[in-house]
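See structure below.
Numbering (my numbering), first residue to last: 551 to 706.
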């Protein structure tokens, strides 16, 4: 019986290891790869790459822009575009809705049963790489609120 348990544990180890390694990498739109045309004023805000995903054909990516405009909390849509590279997507918040105030994009992704997320602050020049937070799950409302509050503080 102990041998059966050992064999089962060994058989499940690769699945657990691959699920634990699933993550997101956030980068500039040009990181999406060669052949992607980027128009700065109208183009995507950033690229998302799914890392350590063995099921790219069924992986899913979602996102919403969350912001504060004149002290009022708002949400806006995000356009997600698959690129020619498997597991690489371009994300663009609705510029007409996010041109004022302070905004972050909450990104969530699944790969099989594994989940990953990111909170991506947006500045006048696009996404703020050094303030981006990647997570081993989707971001919570409290994490998004805290990032918004932190990002709108003077000097941020």
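Where a beta carbon is used, it is the ideal one built from N, C-alpha and C, also for glycine.
Check	Outcome
Cβ contact check for the region 666-673 and the region 624-633: 3 or more pairs under 8 angstroms	no
Candidates 615, 646, 595 and 654: closest to residue 640 by CA position	595
Alpha-carbon to alpha-carbon, residue 674 and residue 650	9 angstroms
Proximal residues to residue 689 (C-beta, below 6 angstroms), its chain only, five neighbours per side dropped	656, 667 and 669
Spatial distance of residue 615 from residue 572 (CA atoms)	23 angstroms
Residue 677 versus residue 699: straight-line alpha-carbon distance, rounded	16 angstroms
Which listed residue (648, 653, 635 and 607) has its alpha carbon closest to that of residue 579	635
One or two residues paired with residue 661 in a DSSP bridge	664
Bounding residues of the alpha helix (DSSP H) (the contiguous stretch that carries residue 696)	691-702
Cβ-heavy atom distance, residue 679 to the ligand HEM, below 8 angstroms	The ligand HEM is absent from the structure shown, which contains no ligand whatsoever.
Local conformation of residue 671 per DSSP, three classes	strand
Anticipated Cβ contact below 8 angstroms, residue 662 with residue 582, distance rounded	Their Cβ separation, rounded to whole angstroms, is 23 angstroms, which puts residue 662 and residue 582 out of contact at 8 angstroms.
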